[in-house]
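Working notes, structure below.
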Amino acid sequence: CPQGTQLVFSPSGTDIHTLFAAQLPTRALVIMIEGCETGSGVVQALTRAGNNVEIVALTLRTFNTQPLTKEEIDAQASVYVNEAIARGQHAALILVDQSKTGMIAPSPACVLTLKARYGDKLSVFVDACQFRLSAKTLTAYLEKGFIVAATGSKFLSAPSFSGMVFLPPKMPFHLAPAAVNWGLLARMEVALMQYRAFSVLSNEKIAAIITDFSQVISHYIAHSPTFSALPTPALTREGLGVDANTWDTMPTLFPFILYKNQRPLSRAQTRVCYQQLPLQALPCQIGQPVACGEIEGIEVSALRFCLSTNIITQATQSTYHHNQLIYNMLRVFASIENIVASALIE
């Protein structure tokens, strides 16, 4: 991180959104992505600060689950920012890197263009609560003067309620004194331990492991009648000046739709399937269902296979560990197939 960066711990990513909103002028316009693709409770968190912010949301997908193009999403963001500032309203743009289904929106290039045009009339907040960022990408965001929110409970696979916000050097950010939250510090220690183990790995080693696991996951999803991959755009961050070959340009979230008898499961059926999984006993993370549109007239949700630093770090220990982790992943997919095939979701 750039010298002078401040790090503030917070119970959750949702609470961080409240901290951000509290810094905004009264009646600012906050532009976020659609609620199903970001953390639950974000809208409530943004309004909790009490300064009467107005909130609008960017659409990321069509009604039939297809992702909008980068240009289409950026156009929405630009219109909202341009119109807000034209009527004398402060604009606050939340750039999500990455959403629940693994999208970056709006694009960093679009946000940088708007920031250069409007300066202090536009506040930028990077929601990186998945924390699927390389150190180079995090540094680049901070060097652009952007606030970056992260959590330890997603990619770092630490306990829930372990949030953090990175404040760029010389960023005016006013926080009231708070008592020490020992539980939060303990949870953050777990997150930092995971990060330390992961950070010593080379970019090449991390990329190789992600490639191996991605190929296995993608192959299984493509060849099982129970699964259908949810389309997701490539991860690009033009304008940040970060090497396009860093590991965080590779997907580590793999969203998929469930099918039975060649018909997609409804959102309710997918929720039942998810609740049948022994989540605490699984050797890898399966993300909760995300509403993403409709297929064949059926409103659907996507489950998500989530790679984590813990899995990647373990896979580097030996060929045995690597192969065992892949075997465990295949067992998870087989478990989901068995649940879908059961009569419990008829």
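In this note's numbering, the protein residues as written are 30 to 375. All C-beta atoms, glycine included, are put in the ideal place defined by N, C-alpha and C.
In this structure, what does DSSP give as the bridge partners for residue i?
i	result
C335	L282, Q314
G192	S39, T180
Y288	P293
F154	I123, I176
G322	V329
F256	L287
P96	R90
M358	DSSP, once it has assigned bridges, lists no residue as partnering M358.
E83	L58
I133	D126
Under 7 Å between the Cβ atoms of residue i and residue j?
i	j	result
G42	T130	no
V155	A187	no
V82	A50	yes
T94	G322	yes
V140	L124	yes
I184	R161	In the sequence on display, residue 184 carries Phe and not Ile. Yes, the pair counts as a contact, with Cβ atoms nearer than the cut-off.
T278	L287	no
G268	P96	no
T348	F227	no
S364	I327	no
T34	L221	no
K99	V271	no
C65	A320	yes
V72	L122	no
Once you ignore the five residues that flank residue i on each side, which residues in its own chain have a CB closer than 8 Å to its CB?
i	result
T168	C30, P31
D241	A344, H351, I355
A251	A258
L359	V245, Y249
Looking only at its chain, what residues have a beta carbon closer than 6 Å to the beta carbon of residue i, apart from the 5 residues adjacent to it on each side?
i	result
A86	M61, E63
G316	R333, C335
N357	P312
D103	P135, S136, C139
Tell me, to the nearest whole angstrom, how far the beta carbon of residue i is from that of residue j; I am working on the premise that it is less than 8 Å.
i	j	result
L336	T281	4 Å
S69	M193	That belief does not hold up - the Cβ atoms of S69 and M193 are roughly 19 Å apart, past 8 Å.
A331	F285	6 Å
C302	I246	C302 to I246, Cβ: 18 Å. No contact.
A57	A120	7 Å
P198	F175	Contact doesn't hold; Cβ gap of about 12 Å is too wide.
A21	T47	Beyond the ends of the chain as shown, which are 30 and 375, falls residue 21; an answer cannot be given.
Counting along the chain, where does the alpha helix (DSSP H) carrying residue i start and finish?
i	result
P137	137-147
E66	Where E66 is concerned, there is no enclosing alpha helix (DSSP H), given that its DSSP letter is neither H nor E.
M217	211-228
V436	The structure shown does not extend to residue 436, since the chain spans only 30 to 375, so no value can be given for it.
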